[in-house]
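To start, the structure itself, in structure tokens.
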Amino acid sequence: MDQENTHFKGDFSSLWRLDVMPPIRRLSWWWWWALILIPDPDRPGRSKQLMILWSTKETPAIRVSGHWWKPGGRMFVDDHGGHVIPGMVCAWWFDGEKMFEPLVMRECRMASISDTHPLWPGEGKGEGAGAVIPLIPQDMSIGMAPGNKSFWINLSSDEEAVARGAPSKFEAELTPWWGPPSELTYKNNEYFLGMGYDILRLQATKCRLVVDGEVLEGTGYFQKVSVQAPSFPWFWG
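Everything in the sequence shown is counted per my numbering, starting at 1103 for the first residue and increasing by one.
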């Protein structure tokens, strides 16, 4: 890897915080989202696709692909900036021929911490390293390694999806590609009454994806979004 591509560039200091914009009851929603594309050698012109979403919303209830999600609580922020949120992990997998949707639809509480939090293993500078960690037995986390050198993503499929033929385990590593596509872009806009959006985005990364032990190579896309606006039901909560 070229020296200039050894880490992701940009200001990632707010990557694991959801309080950049003061939350508005029934209007605030937040998510981290990754899309991985793997060229399919058996079907030229198609790509295998893995989409993963970690999401929460300030709402008493919202419909998620036919499932009613009721958080039963609100976001908690501790004295060190660590967040605990009610939310959902959702995912789909397209193997080039068959779509598994949902691959994952899991209600859970999640912790979001940066590397300056006491629970982080080691000392950090608050420049991007950290993770979202669903508080469930399976490892369903997404995180940034120290030095902003890579993201990791771990995912275990729902039993119902595995019964339909889906792989059971996914492990991904996203690393810098070249130039602007792998440099963080930031957009923030506030309209009126506190409504608006705050978006961090990486347009393209290299990706190493391990699917039930099979190593695949492709590209990735990532964003972290805060939105303060009326919402409507769709794939995520």
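For every residue, glycine included, the Cβ atom is placed at its ideal position computed from N, Cα and C.
State the DSSP-derived secondary structure class of residue 1188, mapped to helix, strand or coil. Translated into positions along the sequence shown, residue 1188 becomes position 86. Strand.
Rounded separation between residue 1307 and residue 1276 - CA only: Numbered from 1 along the sequence shown, position 205 holds the residue referred to as residue 1307. Numbered from 1 along the sequence shown, position 174 holds the residue referred to as residue 1276. Rounded to whole angstroms, the separation of the alpha carbons of residue 1276 and residue 1307 is 6 Å.
Using only the alpha-carbon positions, how far apart do residue 1189 and residue 1179 sit? As a working note, residue 1189 is residue 87 in the sequence shown. As a working note, residue 1179 is residue 77 in the sequence shown. If you take the alpha carbons of residue 1189 and residue 1179, they lie about 15 Å apart.
Return the chain-ordered list of same chain residues with a C-beta closer than 7 Å to the C-beta of residue 1124, the five sequence neighbours on each side being excluded. As a first step, residue 1124 must be located in the sequence shown, where it is residue number 22. The answer, listed in chain order, is 1296.
Using 8 Å as the Cβ pair cut-off and three pairs as the minimum, do the segment 1230 to 1244 and the segment 1205 to 1216 touch? Yes, they touch.
If I follow the unbroken alpha helix (DSSP H) through residue 1261, where does it start and stop? In the sequence shown, residue 1261 corresponds to position 159, counting from 1. Per DSSP, the unbroken alpha helix (DSSP H) holding residue 1261 starts and ends at 1261 to 1265.
Determine the burial state of residue 1206: buried for a count of at least 16 other Cβ atoms within 10 Å of its Cβ, exposed for fewer. If you number the sequence shown from 1, residue 1206 lands on position 104. Classification of residue 1206: buried, given that the 10 Å Cβ count is 16 or more.
Using C-beta distances below 8 Å, list every residue in its chain close to residue 1144, excluding the 5 sequence neighbours before and after it, in chain order. As a working mapping, residue 1144 is identified with position 42 in the sequence shown. Cβ within range, chain order: 1198.
Whole-angstrom Cβ separation of residue 1170 and residue 1163, contact assumed at under 8 Å? Sequence index remark: in the sequence shown, residue 1170 carries index 68 (1-based). Sequence index remark: in the sequence shown, residue 1163 carries index 61 (1-based). Contact flag correct, Cβ pair sits at about 6 Å.
Label residue 1326 either buried or exposed according to how many other C-beta atoms from any shown protein chain fall within 10 Å of its C-beta, with 16 as the threshold for buried. Here the question's residue 1326 lines up with position 224 in the sequence shown. With 16 or more other Cβ atoms from the protein chains shown falling within 10 Å of its own Cβ, residue 1326 counts as buried.
Contained alpha helix (DSSP H) runs [length at least 4] in the segment 1224 to 1300, N- to C-terminal order: Fully enclosed alpha helix (DSSP H) runs of 4 or longer: 1261 to 1265.
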